[in-house]
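Peer 1: Quick note on this note's numbering: the sequence shown kicks off at 5 and runs consecutively.
For every residue, glycine included, the Cβ atom is placed at its ideal position computed from N, Cα and C.
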Amino acid sequence: MVELDADLDHIVPSVLPPFWAKLVVGFISLLCFARSYDGDFVFDDSEAIVNNKDLQSDTPLGDLWHHDFWGSKLSSNTSHKSYRPLTVLTFRINYYLSGGFHPVGFHVVNILLHGSISILMLDVFSVLFGGLQYTGKGQRVHLAPRASLLATLLFAVHPVHTECVAGVVGRADLLCALFFLLSFLGYCQALKESNKEGTHSSTFWVLLSIFLGAVAMLCKEQGITVLGLNAVFDILVIGKLNILAAVRKVLHKNKSQENTGMFKNGGLLFRIALLTIGGTSMLYIRWKIMGTGPPAFTEVDNPASFADSMLVRAINYNYYYSLNAWLLLCPWWLCFDWSMGCIPLIKSVGDWRVIALAALWLCLIGLIFQALCSEDSCKRRILTLGLGFLVIPFLPASNLFFRVGFVVAERVLYLPSAGYCVLLTFGFGALSRHTKKKKPVAAIILGILLINALRCVIRSGEWRSEEQLFRSALSVCPLNAKVHYNIGKNLADQGNQTAAIKYYREAVRLNPKYVHAMNNLGNILKERNELQEAEELLSLAVQIQPDFAAAWMNLGIVQNSLKRFEEAEQSYRTAIKHRRKYPDCYYNLGRLYADLNRHVDALNAWRNATVLKPEHSLAWNNMIILLDNTGNLAQAEAVGREALQLIPNDHSLMFSLANVLGKSQKYKESEALFLKAIKANPNVASYHGNLAVLYHRWGHLDSAKKHYEISLQLDPVAVGTKENYSLLRRKLEQTQKKDV
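This is how it looks when you write it as C-alpha cells:
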C-alpha cells in the first residue's frame, strides 16, 4: 500500500534492502530471547519431554502416530488428545543429537525457530500491506517495505511470545506458525499463477498449501485454520467482495452490480472447493485418529465452561477474549498459568469487568465494519487480513467449538499477534497521516519496541528456572492455587519441606478441592511423622477424587506406619485397581507383606514391580535381602544376577549381591562387587564395613582392618562395625604374640 508506506516515511525513514531487513529482524528476534538458551526444562517440559518415553530410541517411531503430545495412547480415556507427532519427532531428534536430556539444544532450536518465523513474517506482511499486483514480468508492484519492517519488528519483540520460545513445549506453536505462514505464502503463489494461462501450476500451489496446512496441524491443532484464512483472503481480498455493495444490491435488487461476478469465477470456486475438501478430509482423519471423544477437563482448568447458565458462560468467554487482547496491547503482566482462581468468574452483568468485553466488541465491530464496507480496497485488504490473522488462528482456543483446558494461555497468541501487529502498524500510519508532528509518533513506536524488547529479555530470564518462573507469577496471580502448589513442589524438591508446607497449605486454602496439593502435603507430613494430619488430608483427597491412585498409595503408606495393616492393604489394592501398571504401589505392598512375614506375597509383589518397571532398584534389592535373610542364598544370587543384568551400574545391587556371594564363600567374586560398589559410591560406611567382614572371614586381616577403620571414620557410632573391629584387633594381637 503506497499511501501507508508514505505515511510511515518519517517514522521508518530509510528503506533497507530485503536481505538487510531480514538480517536486522533475525538478529533482533534472536537477541530478545537469547537469555533463555541455557535454561532448564521447566513446567510442562517435564511431562512432555523428560518423562515422555516417545523421545527415547527404545520406543518405535511408529508409536508417535498413535500417542498424544505427552506420550499417552490416544485411545486412552486419560489422553489429552493433543495430537502433535511432528513436534514430538523434533524433540526426539533433539534428544538423539544432544545425547540425552540436555536442555541447551532444545532451547537453541526454539530460539532459531522464532528467528526464522520473524524473517518469514517480512514476506507475509509485505503481501498484507502491499497486495498481490504484479508487473508483466511477474514481479510484485507494491512491497510496502516500511510497513512490513515495522510490523515485523513489533512481532519479533513481542513479550507474549516468551512462553513459546523460552518454554520448550512452545515448539508446537512455533512449528505450527512456521508451516502456517508457508501455507499462506504458497496460496499467494497459487493466486499469482492463476492469472496466467492454464490452471495446472495454480492447482499445484493450492494443493501444496493444503499439504503445508496439514503439516502445521500435525505440529499443533490450530494449524488447520490456515485454510480458513486462505479462503477469506481469496474471497474478500482477491475476489474483492465488497459487503456494503453486496448489501446494496440485495436491498435494491440491482443486477447490474459487478460485485457478485466473483461467484461466477471458476478459478475462485475451484480453489475454495479444494480448500473445503482438504479441510474436511483433515478433520475427518484427525477425528478417526483421536479415537474416543474429546479430552475430559476439570472445573479448575476452565471454570466458565462448567457454568450452568449460558449467559454466564458467554460473558466469561468474552471477558477471556478481552484479557487476551489486553495481553497483546500491554504484555507486562505475564503468567505461566491463569487457571485455578486466577480470574474469578463474572456471575452477573453488574460486574464492572463487563466494561472490558464491551470495549473489546466496540473496537472489533468498528474494525470489522471498516474491513468489510470501506470503499478503499487497500484499507479493506489490510484490515481484513489483520483481523483474519488475529481471529482465525485463535478460534480453536475460543471455547466456541469445544471446551479447552485453560482460561488464558499466552502460547495461543503467537499467531494472532501477527494480526495485532498489522492493525497496530495500520493505526500508526493513520495517526501519522492525521498529525503534523511526526517525531512524537516515531518516539512512541521506538519506545514500544525498546520496552517490549527489554520485557522479552527479563521474561526470558524468568523462564530459565522453575523457581524464578513460579515466583514471578505470585505478583500476577496471587489467587492462583496452582502457582502456590508449584512453588511448594519446587521447594520440596530442593529439600525445604518447612517452606513447601506453607505454600501447599495456601494452595489448599485457595482451592479446598485441590487433591494434588493435598497429596503432596500429606506426603511431607508423612515423612515428618505427622501421621494423623497426613491421613486426614489423603483421605479427603481420595474422597474428592476416588480414582486418584497416588493418593490411595500414600494413604496406604500412612496406614501401614500406623500399624493398621488391613486398611493399608485395601488402600494399596484400590490404587492398583485405578492404575494397573503401578510399580511403586506394588513395591509398597511388598513392604507391607514383608512386615507381616508374608514372604511369598512380598516376593510376588516385588516381582510385579520389576516386571512393570525393570529398573526398579528398590524392589530388586528387597527381593535379594529377603531371600538372603530367609536362607535362600541360591535364589537370592539368581535374582541379584538378573537385576545387575538389567541395571549394571547400580551400586546398591552390587552391594546386596556381594553380601550373598560372601555368605556362599564365593569370596573373590564378592570382593570384586564390593570394590566396584565402593568405587561408584565411596562414602557409604556399610560398603566398607561389609567388605571388611568379608576380608575378616577370608583371612585377609590387614585389608579387613583398613576397611573397618574407613567405615568407622564415615560412621563412628556403628555398633556392629565397632564390635567386629574389636574382635579383629584382638585376633591381630594374639597373632602377633604367637609370632613373638
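Fully enclosed by the stretch 300 to 358, which alpha helix (DSSP H) runs are 4 residues long or longer?
Peer 2: Taking only runs of at least 4 residues, the alpha helix (DSSP H) segments lying wholly in the stretch 300 to 358 are 314 to 333.
Peer 1: Measure from the alpha carbon of residue 370 to the alpha carbon of each residue in 718, 504, 75, 391, then state which is nearest.
Peer 2: Minimum Cα distance to residue 370 is reached at 391.
Peer 1: Buried or exposed, going by whether 16 or more other CB atoms sit within 10 Å of the CB of residue 283?
Peer 2: Looking at its Cβ environment, which holds 16 or more other Cβ atoms inside 10 Å, residue 283 is buried.
Peer 1: Tell me, please, which residues DSSP counts as bridged to residue 77.
Peer 2: Per DSSP, 71.
Peer 1: Cα-Cα, which of 229, 593, 421 is closest to residue 570?
Peer 2: With distances taken between Cα atoms, residue 570 lies closest to 593.
Peer 1: What number of angstroms, rounded off, separates the C-alpha of residue 675 from the C-alpha of residue 638?
Peer 2: If you take the alpha carbons of residue 675 and residue 638, they lie about 18 Å apart.
Peer 1: Quick one: grab the DSSP three-state call for residue 671.
Peer 2: Residue 671: helix per DSSP, three-state reduction.
Peer 1: Does the beta-carbon of residue 356 have 16 or more other beta-carbons within 10 angstroms, so that it is buried, or is it exposed?
Peer 2: The residue is exposed, with fewer than 16 neighbouring Cβ atoms inside 10 Å.
Peer 1: Suppose you measure from the CA of residue 133 to the CA of residue 385; what does that come to, to the nearest Å?
Peer 2: Computed Cα separation, rounded: 8 Å.
Peer 1: Going residue by residue through the stretch 556 to 594, where are the continuous beta strand (DSSP E) segments of at least 3 residues, counting only ones entirely within it?
Peer 2: If we require 3 residues or more, the stretch 556 to 594 turns out to have no beta strand (DSSP E) run fully inside it.
Peer 1: Buried or exposed for residue 159, going by 16 or more other Cβ atoms inside 10 Å?
Peer 2: Label assigned to residue 159: buried.
Peer 1: Specify the secondary structure class of residue 96 as computed by DSSP and reduced to three states.
Peer 2: Residue 96 falls in the helix class under three-state DSSP.
Peer 1: Can you tell me which residues form a DSSP beta bridge with residue 138?
Peer 2: 144.
Peer 1: Going by Cα to Cα distance, which pick from 516, 517, 322, 490 is closest to residue 504?
Peer 2: When each option's Cα is compared against that of residue 504, the closest is 490.
Peer 1: By how many angstroms is the C-alpha of residue 556 removed from the C-alpha of residue 697?
Peer 2: Computed Cα separation, rounded: 42 Å.
Peer 1: Would you mind sorting residue 337 into buried or exposed? The rule is 16 or more other CB atoms within 10 Å of its CB.
Peer 2: By the neighbour-count rule (16 or more Cβ atoms within 10 Å), residue 337 is not buried but exposed.
Peer 1: Do the stretch 123 to 138 and the stretch 89 to 98 meet, that is, are 3 or more Cβ pairs less than 8 Å apart?
Peer 2: The stretch 123 to 138, when compared against the stretch 89 to 98, does not touch it at the 8 Å Cβ threshold.
Peer 1: The alpha helix (DSSP H) spanning residue 472 covers which residue range?
Peer 2: It spans 470 to 476 - the alpha helix (DSSP H) in which residue 472 sits, taken as one unbroken run.
Peer 1: To the nearest angstrom, how far is it from the Cα of residue 690 to the Cα of residue 102?
Peer 2: Rounded to the nearest angstrom, the two C-alpha atoms are 37 Å apart.
Peer 1: Express the C-alpha separation of residue 377 and residue 261 in angstroms, rounding to a whole number.
Peer 2: Residue placement at residue 261 is flagged as unreliable, the pLDDT there being 48, under the threshold of 50; the coordinate-derived value follows with that caveat. Looking at the two C-alpha atoms, the distance is approximately 15 Å.
Peer 1: For residue 126 and residue 26, which I take to be in contact (beta-carbon distance under 8 Å), what is that distance rounded to the nearest angstrom?
Peer 2: Contact holds; Cβ gap of about 6 Å.
Peer 1: As a quick exercise: from 469, 717, 632, pick the residue whose alpha carbon is nearest that of residue 668.
Peer 2: For residue 668, the nearest C-alpha among the options comes from 632.
Peer 1: Between which two residues does the alpha helix (DSSP H) harbouring residue 503 extend?
Peer 2: 501 to 514 is the extent of the alpha helix (DSSP H) around residue 503.
Peer 1: Would you call the stretch 467 to 483 in contact with the stretch 316 to 324, where contact means no fewer than 3 C-beta pairs closer than 8 Å?
Peer 2: Cβ pair count under 8 Å is below three, so no.
Peer 1: Would you decide whether residue 493 is buried or exposed? Buried here means 16 or more other CB atoms lie within 10 Å of its CB.
Peer 2: Residue 493 is buried by the Cβ-count criterion.
Peer 1: Can you check whether the CB of residue 644 is closer than 7 Å to the CB of residue 664?
Peer 2: A contact, by the Cβ cut-off of 7 Å.
Peer 1: By Cβ distance below 6 Å, which residues in the same chain neighbour residue 496 in space, the five residues on each side in sequence not counted?
Peer 2: Excluding residues within five positions, the ones whose Cβ falls inside 6 Å are 504.
Peer 1: Among 79, 419, 325, which one has its Cα closest to the Cα of residue 402?
Peer 2: The candidate whose alpha carbon is nearest that of residue 402 is 325.
Peer 1: Ignore the nearest five residues each way along the sequence and tell me which others in residue 726's own chain have a CB closer than 6 Å to its CB.
Peer 2: None.
Peer 1: Taking a contact to mean a Cβ-Cβ separation below 7 Å, would you say residue 51 touches residue 24 in this structure?
Peer 2: Their beta carbons are not under 7 Å apart, which means residue 51 does not touch residue 24 by this criterion.
Peer 1: Using the three-state DSSP reduction, which class does residue 43 fall into: helix, strand or coil?
Peer 2: Three-state DSSP puts residue 43 in coil, outside helix and strand.
Peer 1: Could you check whether the stretch 202 to 217 touches the stretch 160 to 168, counting it as contact only if at least three pairs of C-beta atoms, one from each stretch, sit closer than 8 Å?
Peer 2: They do not touch, by the three-pair rule.
Peer 1: For the pair the stretch 360 to 370 and the stretch 50 to 70, tell me if three or more CB-CB distances fall below 8 Å.
Peer 2: With a cut-off of 8 Å, the stretch 50 to 70 and the stretch 360 to 370 do not count as touching, because too few Cβ pairs lie within range.
Peer 1: Taking contact to mean 3 or more Cβ pairs, one atom from each stretch, closer than 8 Å, check whether the stretch 170 to 190 and the stretch 36 to 53 are in contact.
Peer 2: A contact exists between the stretch 170 to 190 and the stretch 36 to 53.
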